[in-house]
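Residue numbers (this note's numbering): 8 to 437.
Where a beta carbon is used, it is the ideal one built from N, C-alpha and C, also for glycine.
As structure tokens, then:
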């Protein structure tokens, strides 16, 4: 087994994702006992919508920047950075219009009148963290994980300090108060950003060529992420529409354990995506040696990731009933069964997640998008059948079943992709 991941700078990629997950858990622990369950449900529904809008206006373009900054020439970096930021701002403006027009309809569908106002906060929160995330994407592309960790450490300290302060001053007893903490902390961390990206942040000019390339890549990444949204976030939305916001609150508590697995998956993605991009160097065709390096990168990281996920899944399955009541209170005890069902799918994710990182790094995020949409479609169909019958447990069964199907699809596709040298857009066999 190659243990390179757990040595040197790559270790800070794991530290960074661990940090993000830890402050995410502390965030929930702080608010869960002060927010009424219905307000918690409102907050989780707003987050589900914000996840989609953030992927549209920030995350997908950010992944495109990681891809092209990892393999570009030094003189091209400034134009890629500037072009990507302009694209993010333009798309975020469109996202705000979308929210403003449809917020009332969505609130009625979710049986949650308060969402009509809360949804207006989503674009503001995304805007507050836009420059922070832009800096993160640059540091990931340069594989400067120590700086990335320090930047996120500063954000987590600011966020948690404001959260504790807000709880002391206002009680944080409504979803709106919690959302304002996110806005203020996002703008605050932007002030510290130059300390971490100085000398690595070189603005150039808007470049139509790089806009076209980033648009094509980001489009496929967004389609992929939208499918991911289907199988991860629509569970909450469908529970809100078919049951009530309280069911969303309870289900979301089980879903927050997903973040522990996500931290592992994303930490290894921070290594595998830019690593694959660096090997391929934005080429359509790989040599035999480059193809071998990609395989080695995938399997050496995948074995470690899968082992960690299996151990974590076993621990959570054994302790779920006690852990949820201890952390979140007896009102959320029903989340334990949901978590146990979800663990089946979560343990199946690691090799699939890294396969997606490899395929995206080879310049074919469209393949990931197809697989993710199929996965999302399976989850959506199962939700329609199972939620009316068994409620939250039905949503959990749908989630796990769809993730197992995703693993099967990625295993088949990656085996085929790595058995040939042609890996770019010229390869249209899949």
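ask   = Which class does residue 283 belong to by DSSP, given the choice of helix, strand or coil?
value = helix
key: residue 202 versus residue 151 - alpha carbon distance   = 14 Å
key: Span of the alpha helix (DSSP H) around residue 392   = 372-397
query = What's the gap between the Cα of residue 9 and the Cα of residue 307?
reply = A caution first: residue 9 carries a pLDDT of 41, below 50, which makes its placement in the model too unreliable to give a value.
ask   = Straight-line CA distance for residue 222 to residue 214?
value = 12 Å
ask   = Helix, strand or coil for residue 355 per DSSP?
value = coil
task = Give me the Cα-Cα distance between residue 433 and residue 371, rounded to the nearest whole angstrom.
result = Residue placement at residue 433 is flagged as unreliable, the pLDDT there being 39, under the threshold of 50; the coordinate-derived value follows with that caveat. The straight-line gap from Cα to Cα measures roughly 10 Å.
key: Three-state secondary structure (DSSP) of residue 417   = helix
task = Find out if the Cβ-Cβ distance for the pair residue 365, residue 283 is shorter than 8 Å.
result = yes
request  = Evaluate contact between the segment 87-95 and the segment 21-34, counting only Cβ atoms and requiring at least three cross-stretch pairs below 8 Å.
outcome  = no
Cβ pair residue 56, residue 129 closer than 8 Å = yes
query = Going by other Cβ atoms of all chains shown within 10 Å of its Cβ, with 16 needed for buried, is residue 358 buried or exposed?
reply = buried
Exposure of residue 348, with buried meaning 16 or more beta-carbon neighbours within 10 Å = buried
ask   = Less than 8 Å separating the beta-carbons of residue 167 and residue 30?
value = yes
inquiry  = With a threshold of 6 Å on Cβ separation, who are the neighbours of residue 496 within its own chain once the five nearest residues in sequence on each side are excluded?
reply    = Only positions 8 to 437 of the chain appear in the structure, and residue 496 is not among them; the question remains open.
message = If I measure Cβ to Cβ from residue 405 and keep anything under 6 Å in the same chain, skipping five residues before and after, which residues do I get?
response = 386, 389, 390, 393
message = On the DSSP letters alone, give me the boundaries of the alpha helix (DSSP H) that residue 328 sits inside.
response = 295-335
task = Report the residue ranges of all beta strand (DSSP E) runs contained in full by the segment 146-188; include only those spanning at least 3 residues, in chain order.
result = none
ask   = Under three-state DSSP, which class holds residue 41?
value = coil
Residue 273 - DSSP class collapsed to helix/strand/coil = helix
ask   = In this structure, does DSSP put residue 140 in helix, strand or coil?
value = helix
key: Outcome for residue 14 when other beta-carbon atoms lying within 10 angstroms are tallied against a minimum of 16   = Model confidence at residue 14 stands at a pLDDT of 49, short of 50, so the residue's coordinates are unreliable; what they give is reported in the following sentence. Residue 14 is exposed by the Cβ-count criterion.
message = Using 8 Å for Cβ pairs, my map puts residue 259 next to residue 51. What's the rounded Cβ distance?
response = 4 Å
query = Leaving out the 5 sequence neighbours to the left and right, which residues in its chain are closer than 8 Å to residue 42 when beta-carbon positions are compared?
reply = 50, 179, 180, 181, 182, 185
ask   = From residue 165 to residue 262, what does the alpha carbon distance come to, in whole angstroms?
value = 25 Å
message = So, at 7 Å on beta carbons, what are the nonlocal neighbours of residue 224 in its own chain, with the 5 sequence-adjacent residues on each side left out?
response = 71, 74, 372
The segment 74-84 in contact with the segment 130-149 per 3-pair CB rule at 8 Å = yes
ask   = The alpha helix (DSSP H) with residue 66 in it runs from where to where?
value = Looking at the DSSP string, residue 66 is not in any alpha helix (DSSP H), and its letter there is neither H nor E.
request  = Check residue 75 in the structure and name its three-state DSSP category.
outcome  = helix
key: Assigned secondary structure, residue 51 (DSSP; H/G/I helix, E/B strand, else coil)   = helix
key: Contact belief for residue 376 with residue 230 at Cβ below 8 Å, rounded distance in angstroms   = 4 Å
ask   = Which residues in the same chain as residue 232 place their Cβ atom closer than 7 Å to its Cβ, once the five residues preceding and following it in sequence are excluded?
value = 62, 66, 67
message = Given this structure, state the Cα-to-Cα distance separating residue 437 from residue 135, to the nearest angstrom.
response = Residue placement at residue 437 is poorly supported in this model, since its pLDDT is 45, which falls under 50; the coordinates are not used for a value here.
key: residue 60 versus residue 97 - alpha carbon distance   = 13 Å
task = Please determine, among 126, 352, 117, 193, the residue with the shortest C-alpha to C-alpha distance to residue 254.
result = 117
request  = Leaving out five residues on either side along the sequence, give the residues of the same chain with a beta carbon under 8 Å from the beta carbon of residue 411.
outcome  = 351, 352, 355
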